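J.: So the mapping is simple: the working numbering equals the position in the sequence shown, first residue as 1, plus 286. Each residue gets a CB set at the ideal place from its N, CA and C atoms; glycine is no exception. All values reported here derive from a predicted model rather than from experimental measurement.
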Amino acid sequence: MCGIVGYIGNKDAYPILINGLKKLEYRGYDSSGIMLYDKKASVKKAKGKVSDLEVLYKNGKEQKGCIGIGHTRWATHGPPNKINSHPHLSNSGDLSLIHNGIIENYDALKAILSKKGYLFKSETDSEVLVNLIEEVKKTKKVKLGKAVLLALKQVVGAYAIVVFDSTNPTEIVTAKLGSPLAIGVGDSEYYIGSDPSPFLEFTKRCIYLNDHEMAIISLKKGLTLREIKKDSIIDPYIENLKHNIEEVEKGGYAHFMLKEIFEQPQSIKDTFRGRLLSQSLPIKISSIEEHFNKFKSATRIIFISCGTSWHASLLGEYFFEELLRIPVEVEYASEFRYRNPIINKGDIVIPISQSGETADTLAAVKMAKKRGAFLYGICNVVGSSIARETDTGIYTHAGSEIGVASTKAFSCQISLLLLMALDIGNRMNTIEEKRYKRVLKELSNLPETIEKVLSSAKKAESIANKFLKASNFLYLGRGYNFPIALEGALKLKEISYIHAEGYPAAEMKHGPIALIDKNMPVVVIATKKGNYQKVVSNIMEIKAREAEVIAIVSEGDKEIEVIADHFIEIPECDELIAPILANIPLQLLSYYIADKKGCDVDQPRNLAKSVTVE
Ligand code: M6R
């Protein structure tokens with residue numbers, strides 16, 4: 287969490303920093319701050335959003351300085367207030383630092399520094415780090431770069447940092463372990479960001495720092511990359527990014543989330559491009575072609591992930607067990623990494639992550655790797671840490687997802703999982719040819735079918751109007767629709783702050799039914815096929831207890847339309863496709879409820895897009 291930006295060059299740094307922070311606000315928005323150097327370092331901080339910081343700069347017209355660093359915070363140590371905001375200054379006032387991550391041994395380091403007379407204004411681990419660097423610089427009589435390197439050797443934890451020394455105002459130093467950090471390379475100028483979005487409009491040449499690497503960026507000498515543990519110089523690898531700027535703008539939509547919901551047909555097209563060539567040609571996934579033997583001989587597949595990606599994993603289990611006949615387990619990465627799991631030779635571990643930076647998923651990947659698993663990653667962000675840590679894998683190509691609530695990335699994850707399961711199942715002969723062809727045909731038409739589902743947005747909006755005062759919701763689904771019930775409930779709670787629970791429909795009788803009365807709206811995913819009639823019975827049971835039912839049904843379903851209070855239709859389809867479609871009206875319902883309640887849809891309270899701390 288937290289977003290960091292930096293600039294060193296010959297342009298005014300302020301607009302670059304403030305606009306960069308706005309682009310990174312999805313990473314945290316508890317408070318923000320900027321240090322600008324113009325003959326002296328000046329720091330401004332504000333509690334709240336970047337717009338609150340911007341007010342302090344009165345449009346920035348007066349702001350001079352061609353070097354600066356900025357930070358938008360998701361609070362870990364200490365409450366979100368001005369004092370705990372970054373940049374943090376060292377005791378002398380010479381060094382300023384921004385940090386994303388957690389210094390785990392900060393208490394011990396703080397005690398040592400306190401004994402030496404250091405004073406701390408904030409409750410943060412980051413202020414300890416900037417003073418540790420100052421202490422090393424002073425006692426070892428070294429320059430900033432060396433001091434950062436030596437100080438980081440004493441640190442346990444995760445960091446992406448940028449440090450500036452106003453006694454040598456021609457360079458900045460940056461380093462990374464665990465948290466992401468990208469450097470944009472311009473003509474005699476450099477940009478720094480937690481991801482490339484702050485500098486995409488200026489340069490597409492990017493260096494992604496690896497763990498244990500640091501860069502000393504000097505106006506006089508350019509960029510020097512060093513490996514921290516070995517203290518050796520390494521050659522930087524400059525990537526030419528293909529991202530486009532429009533992806534990170536709202537494009538006329540009221541919110542990123544709404545834009546991203548409507549982008550789903552295109553995102554799925556992009557995800558299938560080059561892989562699903564036509565309904566009559568074989569699926570082409572190079573990483574599966576190359577490692578097919580691993581899948582063929584796999585004794586078990588283990589999905590690891592968090593949040594929405596965990597829901598995708600759960601649906602992955604349903605798809606893979608059905609079409610591959612290989613046992614599958616689905617694990618919360620945060621549990622898996624700490625519970626001494628059994629990993630056998632022949633296990634394939636599949637981490638799923640939109641950001642590719644989620645701390646728990648990344649740590650679980652590292653642990654599984656150490657224990658000899660074969661790792662096949664499914665990530666959205668190209669070049670992300672999880673993508674780099676895995677043996678092989680596949681990108682979802684959903685495009686940049688800015689809204690904190692995951693929508694298009696989830697749809698791409700589950701569509702890709704089905705495509706993978708079809709491909710592997712077909713190669714292994716565990717899927718009937720007729721079924722393979724039918725599902726492949728429906729997958730080929732998926733972008734157009736999703737367009738059709740999106741045309742129900744008005745209906746979702748009018749239903750939303752009726753539930754703005756609800757304080758609880760229940761979401762029910764069976765079979766392939768069960769993970770979608772969980773995802774629907776998560777979407778509603780994270781952006782509207784309405785409490786919502788997802789349940790397998792048949793489990794309702796084993797407890798949750800006690801909650802049902804006229805004040806408990808129940809969303810039921812009741813598409814044809816699968817256990818349709820059993821879900822119809824569940825709806826009758828709910829209606830007998832006077833709750834309002836919002837049903838997601840297959841087109842033309844007359845039976846449920848009569849008993850449910852509200853319904854949204856999705857095209858009739860194979861039961862493997864239904865969850866992909868049924869999810870979309872639930873995204874819309876959550877969006878409209880949250881927006882109409884006046885919630886901050888794109889940046890819900892307490893959340894951040896990439897959870898890079900555990
Ligand atoms: O980037 P990841 O897919 O690894 O993120 C996992 C979760 O943090 C994420 O899905 C989270 O639950 C979203 N806010 C859901 O909308």
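1) From glutamate 718 to lysine 515, what distance separates their C-alpha atoms?
2) To the nearest angstrom, how far is the alpha carbon of lysine 432 from that of alanine 461?
3) Of all the options Gln565, Asp633 and Phe622, which has the alpha carbon lying nearest to the alpha carbon of lysine 580?
4) Whole angstroms is fine: what's the gap from glutamate 420's alpha carbon to valine 616's?
5) Examine the ligand M6R and report whether any of its heavy atoms sits within less than 8 Å of the Cβ of glycine 593.
6) Just verifying my parser: in three-state terms, what is the DSSP assignment at isoleucine 502?
7) Count the other C-beta atoms from every protein chain shown that fall within 10 angstroms of the C-beta of valine 635, then say buried if there are 16 or more, exposed otherwise.
8) Once the 5 residues before and after proline 373 are set aside, which same chain residues still bring their CB inside 7 Å of it?
9) What is the DSSP secondary structure of alanine 392, counted as helix, strand or coil?
10) Out of Ser483, Pro466 and Leu509, which has the shortest C-alpha to C-alpha gap to serine 474?
11) Is lysine 506 near the ligand M6R, with its Cβ less than 8 Å from a heavy atom?
12) Does the Cβ of glutamate 663 have 16 or more other Cβ atoms within 10 Å, making it buried, or fewer, making it exposed?
13) Can you tell me whether lysine 423 is buried or exposed, with buried defined as 16 or more other CB within 10 angstroms of its CB?
14) Going by alpha carbons, who is nearest to lysine 555 out of Ser641, Tyr681, Phe485 and Lys883?
15) Which first and last residues belong to the alpha helix (DSSP H) in which threonine 647 is found?
16) Going by CA-CA distance only, name the one from Ser412, His363, Cys592 and Asn386 that's closest to leucine 375.
17) Going by other Cβ atoms of all chains shown within 10 Å of its Cβ, with 16 needed for buried, is alanine 927 buried or exposed?
18) Whole alpha helix (DSSP H) runs in the segment 722-763 with 4 or more residues, listed along the chain?
19) Can you give me the Cβ contacts of leucine 544 inside the same chain, cut-off strictly under 7 Å, excluding the 5 residues immediately before and after it?
20) How do the segment 867-875 and the segment 733-746 stand: do at least 3 beta-carbon pairs fall below 8 Å, yes or no?
21) State the beta-bridge partners of aspartate 298 as determined by DSSP.
22) Return yes when at least one heavy atom of the ligand M6R lies under 8 Å from the C-beta of serine 896, else no.
23) In the structure shown, what three-state DSSP assignment does valine 416 receive?
24) Take asparagine 666 and list the residues in its own chain whose beta-carbon comes closer than 6 Å to its own, dropping the five residues that flank it on each side.
25) Taking DSSP as the reference, what is the three-state secondary structure of proline 857?
26) With a threshold of 8 Å, establish whether the CB of serine 639 neighbours any heavy atom of the ligand M6R.
27) Judging by CA-CA distance, which residue of Val835, Glu861, Ala598 and Tyr477 is the nearest neighbour of arginine 721?
28) Would you check if there are 3 or more beta carbon pairs closer than 8 Å linking the segment 447-454 to the segment 400-410?
29) With a threshold of 8 Å (Cβ to nearest heavy atom), would valine 690 be considered close to the ligand M6R?
30) Would you kindly check if the distance between the Cβ of valine 887 and the Cβ of histidine 597 is under 9 Å?
31) Buried or exposed: which applies to valine 459, given that a residue is buried once 16 or more other Cβ atoms fall within 10 Å of its Cβ?
32) Using 8 Å as the Cβ pair cut-off and three pairs as the minimum, do the segment 747-755 and the segment 722-736 touch?
33) Excluding five sequence neighbours on each side, which residues of the same chain lie with their C-beta closer than 6 Å to the C-beta of tyrosine 494?
34) For the segment 608-623 and the segment 787-795, state whether three or more C-beta atom pairs, one from each stretch, are separated by less than 8 Å.
35) According to DSSP, simplified to helix, strand and coil, what is tyrosine 951?
36) Output yes or no for whether 9 Å exceeds the beta carbon distance between isoleucine 587 and phenylalanine 606.
T.: In terms of the structure at hand:
1) 54 Å
2) 12 Å
3) Asp633
4) 46 Å
5) yes
6) strand
7) buried
8) Gly319, Met321, Val329, Ile355, His357, Ser382, Leu383 and Ile384
9) Here residue 392 turns out to be tyrosine, not alanine, going by the sequence shown. Looking at tyrosine 392 - three-state DSSP - the assignment turns out to be helix.
10) Leu509
11) no
12) Note on residue identity: the sequence assigns glycine, not glutamate, to residue 663. Flag for glycine 663 reads buried.
13) buried
14) Tyr681
15) 645-656
16) Ser412
17) There is no way to answer for residue 927, as the model of the chain reaches only from 287 to 900.
18) 732-740 and 743-751
19) Tyr877
20) yes
21) Per DSSP, none; premise fails for aspartate 298.
22) yes
23) helix
24) Gln640, Thr682, Ala684 and Ala695
25) coil
26) yes
27) Glu861
28) no
29) yes
30) no
31) buried
32) no
33) Ala468 and Gly669
34) no
35) Coverage of the chain is limited to positions 287 through 900, which leaves residue 951 absent and any answer about it impossible.
36) yes
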